[in-house]
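Data first, discussion second: the structure below is written as structure tokens.
In the numbering used here, the protein residues as written are 645 to 895.
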């Protein structure tokens, strides 16, 4: 069981959840699972309790549950969790704010994948996330997450506009990165045919580009022993610009 007030900041993701699940969460998250297997699950016995923070629509939660782990998925978006519960019925999902949550029973490990923590756009807020994660882990527990580094923002958030048109939906998407502010912004306009009516929704997704040294310092301040790996060092050249961070709770 997880408790917290999820608040309203995540409601913007609700109308976006179906599009995210259909397109964004189909490829890269499963590529990241290779790193999870190598850096975390290889040393974790089946049956261990794993927290999937910012789980989105639950694809990774389900994959870990299929490997025999007892998974709890946490996300702030009710829309994301509605899809997660439908496609991963063997996982316990709860709505909570990543910056302010408590687990009833400490977990053996925690993950947060697909640059989820880039969506936490202030260092003070990220510090709160790390403190919550430290408290959620058992002594000896382990944390693994990934973040987009600046090369990824510069490569993928270049101000280009992408459009798609299908029979039942269409989309317009544009990503921009501001290196001075170290902030990326993606605007998504969706049109979806529902019950014979076209409905429009507009979503703005923001991600902070953190410096790796800053992230390591915040992890250490929260009580973790921390280290990082580049995607390239893990043999994931297709994910260049993505960094993986490990945190160990010793006590």
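By construction, the Cβ of each residue, glycine as well, lies at the ideal position given by its N, Cα and C atoms. The structure displayed is predicted, hence computed values, not measured ones.
query: Residue 851 (DSSP reduced to helix, strand or coil); result: strand
query: Supposed contact pair residue 803 and residue 893 - C-beta distance, whole angstroms, cut 8 Å; result: Their Cβ separation, rounded to whole angstroms, is 41 Å, which puts residue 893 and residue 803 out of contact at 8 Å.
query: Counted within 10 angstroms of its Cβ, other Cβ atoms place residue 889 as buried (16 or more) or exposed; result: buried
query: Residue span of the beta strand (DSSP E) that contains residue 815, given as start and end; result: 813-822
query: Where residue 769 sits in the DSSP three-state scheme; result: helix
query: Segment contact, 8 Å Cβ cut-off, at least three pairs: the stretch 871-889 with the stretch 766-780; result: no
query: Nonlocal neighbours in the same chain, by C-beta distance under 8 Å from residue 659, ignoring five residues either side; result: 723, 834, 845, 847
query: Start-to-end residues for the alpha helix (DSSP H) that takes in residue 703; result: 703-710
query: Span of the beta strand (DSSP E), counted from its first residue to its last, around residue 797; result: Unbroken run through residue 797 is the alpha helix (DSSP H), 794-800; no beta strand (DSSP E).
query: Inter-residue Cα distance where the pair is residue 681 and residue 675; result: 10 Å
query: Exposed unless 16 or more other CB atoms sit within 10 angstroms - verdict on residue 838; result: exposed
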